[in-house]
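Here the structure comes first, spelled out in structure tokens, and everything after it is commentary.
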Ligand SMILES: *Cc1c(COP(=O)(O)O)cnc(C)c1O
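Residue numbers (our numbering): 3 to 492.
Laid out in structure tokens, this is it:
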């Protein structure tokens, strides 16, 4: 093969415009627009020039070959350029609220409500009756009231036994406002209720949640002064009591979320904290983190306090995420005593932390599913409620289809976790697909699955790849089977 002088090779290249106008690319031009195709042609040609100048392409025949596939190269380049970076993946990890995979998938009704109310104008802040400006929180506050109001008799007044004189006071309503995420909710609560004053927190609850949410840092940003009490493993109600002074603005309780303290431990009950807060007339705020609106005991998880449990016990304000156990969009919710919530709404920080119409739409649809008790409409809840037997049937159907000499696919017992900092110790029994391959390591297998389209994210454990169908939507089972089938072939 004779090599050619570089100038002669360069001369054979078409111009960017010539290339972008070849008939094979006409359909792409019509679909994606001429400028995107021209940009892709420019990238492809400059790559060829680079290959010529570095002697990678140094003969007529090599160049002819490259030129014959030029339209295809431009099309591939274009697809690569225009591909979304944010892509759907199949979550086969069995972690239902996986922060790295976008936490809760939203309900179909939430998606539909986003589409209908965000693609056009809406009454987001417009009162249709009066024709005047309205408040954006009314859309979800009314639903939160329906879900939470039957606890309002417990809130803002002491337990009747402790202070009978207050039992006859009118029931203060529970209000809810929405901010960007729970980190913002905690910041807003601390800044509104305790700026310049002290907040008492147990040393066992000075947690870091991940993504650099650390209680002492949030406290500092809110301009409240952290007053630590107790020790890492043991804090008594008397520790809180001793720390209360005229500087105290707030008692804060924080859900430990992603870890547990076991052994020689002590922590006052919510009821004890409520009693103390009432006696000394300081509000009690609880950062619940996950904040379930449905009874987790129904799926066998007993140690995770729900929003209703805390409000019923008399906590003044709870904060929780929209995209953890609630199963909705990313949001931070503050529910509690109407007078305290009104103060937070009036804080200028609230304006900076407010959410947009997409979030309200998704939240409203999700809450409506709760009102209708249609828990299966919320994907995260449906996944939690799946039985091991249902998952096992699907796993076995795939295992039967795929196993080969080279790729072993078997269904085995295992455990799924809720994730999102909820019930760190709780596990749900499941059936897993355990996959091993003769000539690939488990890590290489997992990488192959990640490289398929859509990417499949699995766990690697003891030399096997484990896929948990609890977090795989049933209509994705075929895609998983297809991807495994391809691994079995080559
Ligand atoms: C998850 C969590 C947060 C942070 O919530 P985001 O909605 O992710 O901002 C704060 N506190 C606790 C206890 C949590 O579990």
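Beta carbons are placed, not taken as given, at the ideal position from N, Cα and C, and that holds for glycine. The structure presented is a predicted model; accordingly, all values stated were derived computationally and were not measured.
For the pair of segments examined, the segment 325-339 was found to touch the segment 290-310: the number of CB pairs separated by less than 8 Å reaches three.
Listed in chain order, the alpha helix (DSSP H) elements of length 4 or more contained wholly in the segment 190-246 are 217-223 and 239-245. Residue range 28-34 is occupied by the alpha helix (DSSP H) that includes residue 34, with no beta strand (DSSP E) assigned at that position. Residue 101 sits away from residue 335, with the two beta carbons spaced by 7 Å or more.
Of the other Cβ atoms in all chains shown, 16 or more fall within 10 Å of the Cβ of residue 372; this residue is therefore buried.
Here residue 83 is exposed, its C-beta having fewer than 16 other C-beta atoms within 10 Å.
Around the beta-carbon of residue 52, fewer than 16 other beta-carbon atoms lie within 10 Å, marking it exposed. About 6 Å separates the beta carbons of residue 342 and residue 285, which is inside the 8 Å limit, making them a contact pair. With a contact defined as Cβ atoms closer than 8 Å, residue 39 and residue 30 qualify at about 6 Å. Burial check for residue 41: the Cβ neighbour count within 10 Å reaches 16 or more, so the residue is buried. In terms of Cα proximity to residue 416, the closest of 366, 471 and 453 is 471. Here DSSP, grouped into helix, strand and coil, assigns residue 13 to helix.
With a threshold of 6 Å, the Cβ atom of residue 183 counts as near ligand 1, since some heavy atom of the ligand is closer than that.
Taking one beta carbon from each stretch, the segment 344-358 and the segment 437-454 have fewer than 3 pairs nearer than 8 Å; the two do not touch. Relative to ligand 1, the nearest heavy atom lies less than 6 Å away from the CB of residue 289.
For residue 420, the enclosing beta strand (DSSP E) has its first and last residue at 409-421.
Sequence-distant Cβ neighbours of residue 135 in its own chain, meaning closer than 8 Å and more than five residues away, are 127, 128 and 129. When the alpha-carbon of residue 338 is set against those of 488, 94 and 313, the nearest one is in 313. Within a 10 Å sphere around the beta-carbon of residue 212 sit fewer than 16 other beta-carbons, which makes this residue exposed. Judged by beta-carbon spacing, residue 414 lies beyond the 7 Å limit of residue 442, meaning their Cβ atoms are not closer than that value. A Cβ-Cβ contact shorter than 7 Å links residue 333 with residue 361. Under DSSP, residue 21 forms no beta bridge with any residue. Rounded to the nearest angstrom, the gap between the Cα atoms of residue 125 and residue 131 is 11 Å. Taking 6 Å as the cut-off, the C-beta of residue 427 does not count as close to any heavy atom of ligand 1.
For the pair residue 386 and residue 67, the Cα-to-Cα distance works out to about 55 Å. Short note on residue 423: C-beta closer than 6 Å to some heavy atom of ligand 1. Distances between the C-beta of residue 214 and the heavy atoms of ligand 1 are all 6 Å or more. Around the beta carbon of residue 297, fewer than 16 other beta carbons sit within 10 angstroms, so the residue counts as exposed.
Per DSSP, reduced to three states, the secondary structure at residue 93 is strand. Under the three-state reduction of DSSP output, residue 434 falls in the strand class. Residue 66: member of the alpha helix (DSSP H) spanning 62-70, first to last residue. Boundaries for residue 491: no beta strand (DSSP E) harbours it, while the alpha helix (DSSP H) harbouring it runs 479-491, taken from the DSSP string.
With a cutoff of 6 Å, residue 100 does not count as near ligand 1, since its C-beta is closer than that to no heavy atom of the ligand.
Counted as a single uninterrupted DSSP element, the alpha helix (DSSP H) harbouring residue 111 occupies residues 110-120.
Per DSSP, the beta-bridge partners of residue 338 are 177 and 319. As the crow flies, the alpha-carbon of residue 476 is around 14 Å from that of residue 98.
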